[in-house]
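Peer 1: The structure is given below, and queries will be raised subsequently.
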Amino acid sequence: MTTSVTTDVLSKNQGQIQVSLSNSGDESAYNVQVSLITDNFSSQPVHVGTLDVNKPYETEMSVVATNNLKEGNYPVVLLTEYTDANGYPFSSISPVTLTYKNPYSSRINGIFENIELSEKRSKNLVLKLKNMDQVDHNVDVKLILPNELSSDITEKNINVGSKKEEEIIFKISNFAGLEGSSYVILASIEYEDDYHYSSLASGMVRIVEGSNVLSLPKWLPIVGLTLSIIILVFYLLKNKINFKFIREKNENFKE
Numbered sequence: 002m003t004t005s006v007t008t009d010v011l012s013k014n015q016g017q018i019q020v021s022l023s024n025s026g027d028e029s030a031y032n033v034q035v036s037l038i039t040d041n042f043s044s045q046p047v048h049v050g051t052l053d054v055n056k057p058y059e060t061e062m063s064v065v066a067t068n069n070l071k072e073g074n075y076p077v078v079l080l081t082e083y084t085d086a087n088g089y090p091f092s093s094i095s096p097v098t099l100t101y102k103n104p105y106s107s108r109i110n111g112i113f114e115n116i117e118l119s120e121k122r123s124k125n126l127v128l129k130l131k132n133m134d135q136v137d138h139n140v141d142v143k144l145i146l147p148n149e150l151s152s153d154i155t156e157k158n159i160n161v162g163s164k165k166e167e168e169i170i171f172k173i174s175n176f177a178g179l180e181g182s183s184y185v186i187l188a189s190i191e192y193e194d195d196y197h198y199s200s201l202a203s204g205m206v207r208i209v210e211g212s213n214v215l216s217l218p219k220w221l222p223i224v225g226l227t228l229s230i231i232i233l234v235f236y237l238l239k240n241k242i243n244f245k246f247i248r249e250k251n252e253n254f255k256e
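If you number the sequence shown the way my numbering does, the last residue is 256 and the count never jumps.
Below you can see the structure in the form of structure tokens.
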């Protein structure tokens with residue numbers, strides 16, 4: 002599913018978001034719905050229904066501010082949900098930025114380390130934050146995931162010093178992702194003074210085939226080979242000692 006979002010600068014506490022959907026798969030998508038994930042605006046989900054292959058769908062979503070906003074940029078995430086012909090659910094998320102009155106660029110940037118997940122096992126997901134400003138900032142970070150993934154925590158407040166880098170570690174798990182699929186993950190990074198600043202970090206999580214229960218760990222063959230060599234050396238030394246003992250015993254017997 003491919004999404005495209007267009008926004009206008011909000012001069013008041015409400016506005017419109019233009020959303021375009023396109024089914025880039027090889028079969029129709031059913032029960033398609035789009036909604037917004039946001040802490041600062043309210044909106045109603047849009048029920049699209051069935052979306053055939055390569056037939057774009059366009060709609061508008063109204064947003065209304067739920068808080069007293071400062072001028073600046075606010076993060077919003079578009080959540081797209083649908084099912085296949087068998088009723089299996091899928092979801093994806095897309096980053097959106099809403100500007101209230103005037104844009105103000107964030108000096109805090111975030112970078113994810115892409116990871117691979119298998120089965121239901123959890124794995125550390127690292128978000129690196131860099132403060133490019135001359136002053137410290139108290140930053141609110143929120144992890145946004147598609148429905149198929151889960152995390153031990155989703156929100157974190159952290160102080161990032163001037164010209165410093167900090168790391169946040171999330172323990173992420175595959176909840177319902179399919180092997181071979183890749184999922185976009187996002188993190189909103191926000192702070193404010195007289196104005197509101199935000200950025201959205203994006204990364205990728207790929208679901209890979211789980212290791213077979215009967216398969217061996219990568220290090221086990223090395224350990225096995227080492228033990229085999231030790232046993233062989235011990236066996237040779239033992240036989241050499243026994244042979245020497247028997248030989249000396251035979252020579253003494255001859256004398």
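We treat Cβ as the ideally placed atom computed from N, Cα and C, and that holds for glycine. Here the structure is a predicted model, which is why all the values come from computation and not from measurement.
Under the DSSP definition of a beta bridge, which residues are partnered with Glu166?
Peer 2: On the sequence shown, position 165 is the one that residue 166 refers to. Per DSSP, Lys131.
Peer 1: Compute the beta-carbon to beta-carbon distance between Pro96 and Ser203, rounded to the nearest angstrom, for a pair I have assumed lies under 8 Å.
Peer 2: Locating residue 96 in the sequence shown gives position 95, where the first residue counts as 1. Locating residue 203 in the sequence shown gives position 202, where the first residue counts as 1. Pro96 to Ser203, Cβ: 6 Å. Contact.
Peer 1: Identify the residues that DSSP records as bridge partners of Asp141: which are they?
Peer 2: Position 140 of the sequence shown, counted from the start, is the residue given in the question as residue 141. DSSP, once it has assigned bridges, lists Asn158, Glu191 as partnering Asp141.
Peer 1: Identify the continuous beta strand (DSSP E) that holds Tyr101 and give its terminal residues.
Peer 2: As a working mapping, residue 101 is identified with position 100 in the sequence shown. Counting along the chain, the beta strand (DSSP E) containing Tyr101 begins and ends at 90 to 101.
Peer 1: Buried or exposed, going by whether 16 or more other CB atoms sit within 10 Å of the CB of Ser21?
Peer 2: The count along the sequence shown starts at 1 and reaches residue 21 at position 20. Its Cβ having fewer than 16 others within 10 Å, Ser21 is exposed.
Peer 1: Using DSSP with H/G/I as helix, E/B as strand and the rest coil, what is Ser216?
Peer 2: Here residue 216 is taken as the residue at index 215 of the sequence shown, counted from 1. Interpretation of Ser216 is limited by its pLDDT of 42, a score under 50 that renders its predicted location unreliable; the figure taken from the coordinates is listed afterwards. Coil at Ser216, not helix or strand.
Peer 1: What whole-angstrom Cβ distance do Thr341 and Leu99 have, given they're in contact under 8 Å?
Peer 2: The displayed coordinates of the chain run from 2 to 256. Any statement about residue 341 would go beyond what the structure contains.
Peer 1: Return the chain-ordered list of same chain residues with a C-beta closer than 8 Å to the C-beta of Ala177, the five sequence neighbours on each side being excluded.
Peer 2: Reading the sequence shown from its first residue, position 176 is the one you call residue 177. So the qualifying residues of the chain are Pro90, Asn148, Glu149.
Peer 1: Indicate, with yes or no, if the ligand FAD has a heavy atom lying under 7 Å from the CB of Ser63.
Peer 2: Looking at this structure, you won't find the ligand FAD or any other ligand, since it has none at all.
Peer 1: Which word fits Val65, buried or exposed, when buried means at least 16 other C-beta atoms lie within 10 angstroms of its C-beta?
Peer 2: Within the sequence shown, the letter at position 64 stands for residue 65. It counts as exposed.
Peer 1: By how many angstroms is the C-alpha of Asp134 removed from the C-alpha of Arg108?
Peer 2: Indexing the sequence shown from 1 puts residue 108 at position 107. Indexing the sequence shown from 1 puts residue 134 at position 133. Spanning the two alpha carbons is a distance of roughly 6 Å.
Peer 1: Ile208 and Ser229 look like a contact to me (Cβ under 8 Å); what is the Cβ gap, rounded to whole Å?
Peer 2: Taking the sequence shown and counting its residues from 1, the one referred to as residue 208 is at position 207. Taking the sequence shown and counting its residues from 1, the one referred to as residue 229 is at position 228. The Cβ separation is near 37 Å, so there is no contact.
Peer 1: Only counting the same chain, and skipping five residues up and downstream in sequence, which positions put a Cβ closer than 8 Å to that of Ser152?
Peer 2: For the purposes of this step, residue 152 is taken as the residue at position 151 of the sequence shown. Correct list, in chain order: Leu126, Leu144, Leu146, Phe171, Lys172, Ile173, Ser174.
Peer 1: For the segment 22 to 47, which segments carrying the beta strand (DSSP E) assignment without a break, of at least 3 residues, lie completely within its bounds, in sequence order?
Peer 2: DSSP runs (the beta strand (DSSP E)) wholly in the segment 22 to 47: 30 to 38.
Peer 1: Glu82 lies in the beta strand (DSSP E); which residues open and close that run?
Peer 2: What you label residue 82 is simply residue 81 of the sequence shown in a count that begins at 1. Element bounds for Glu82: 73 to 84.
Peer 1: List the endpoints of the continuous beta strand (DSSP E) containing Val64.
Peer 2: Here residue 64 is taken as the residue at index 63 of the sequence shown, counted from 1. That run of the beta strand (DSSP E) goes 58 to 66.
Peer 1: Measuring only the C-alpha atoms, how far is Gln45 from Ile223?
Peer 2: If you number the sequence shown from 1, residue 45 lands on position 44. If you number the sequence shown from 1, residue 223 lands on position 222. Whole-angstrom Cα-Cα distance: 58 Å.
Peer 1: Leu79 to Asp137, Cα distance in whole Å?
Peer 2: Along the sequence shown, one-based indexing puts residue 79 at 78. Along the sequence shown, one-based indexing puts residue 137 at 136. Computed Cα separation, rounded: 30 Å.
Peer 1: Who are Ala202's beta bridge partners in DSSP?
Peer 2: Here residue 202 is taken as the residue at index 201 of the sequence shown, counted from 1. According to DSSP, Ala202 bridges with Ala188.
Peer 1: Flag this pair as yes or no: are the beta carbons of Lys164 and Asn139 separated by less than 8 Å?
Peer 2: Taking the first residue of the sequence shown as position 1, residue 164 is located at position 163. Taking the first residue of the sequence shown as position 1, residue 139 is located at position 138. In this structure, Asn139 does not lie closer than 8 Å to Lys164 by Cβ.
Peer 1: Starting from the Cα of Tyr1, find the closest Cα among Asn24, Ile154, Gly162, Tyr101 and give me that residue.
Peer 2: No information on residue 1 is available, as it lies outside the stretch 2 to 256 that the chain covers here.
Peer 1: What three-state label does DSSP hand Ser107 in the structure shown?
Peer 2: Position 106 of the sequence shown, counted from the start, is the residue given in the question as residue 107. Here Ser107 sits in coil by DSSP.
Peer 1: Identify whether Ser229 lies in helix, strand or coil by the three-state DSSP scheme.
Peer 2: Start at 1 with the first residue of the sequence shown, and residue 229 comes out as number 228. If DSSP states are grouped into helix, strand and coil, Ser229 belongs with the helices.
Peer 1: Using the C-alpha atoms, what's the distance from Tyr83 back to Thr51?
Peer 2: Position 50 of the sequence shown, counted from the first residue, corresponds to residue 51. Position 82 of the sequence shown, counted from the first residue, corresponds to residue 83. So the two alpha carbons sit approximately 9 Å from each other.
Peer 1: Could you please give the first and the last residue of the uninterrupted beta strand (DSSP E) stretch that includes Ser119?
Peer 2: To locate residue 119, count along the sequence shown from 1; it is residue 118. Segment 116 to 119, the beta strand (DSSP E) holding Ser119.
Peer 1: How long is the line joining the alpha carbons of Ile190 and Asn160, rounded to whole angstroms?
Peer 2: Counting from 1 along the sequence shown, the entry for residue 190 is found at position 189. Counting from 1 along the sequence shown, the entry for residue 160 is found at position 159. Taking the straight line joining both Cα atoms gives about 12 Å.
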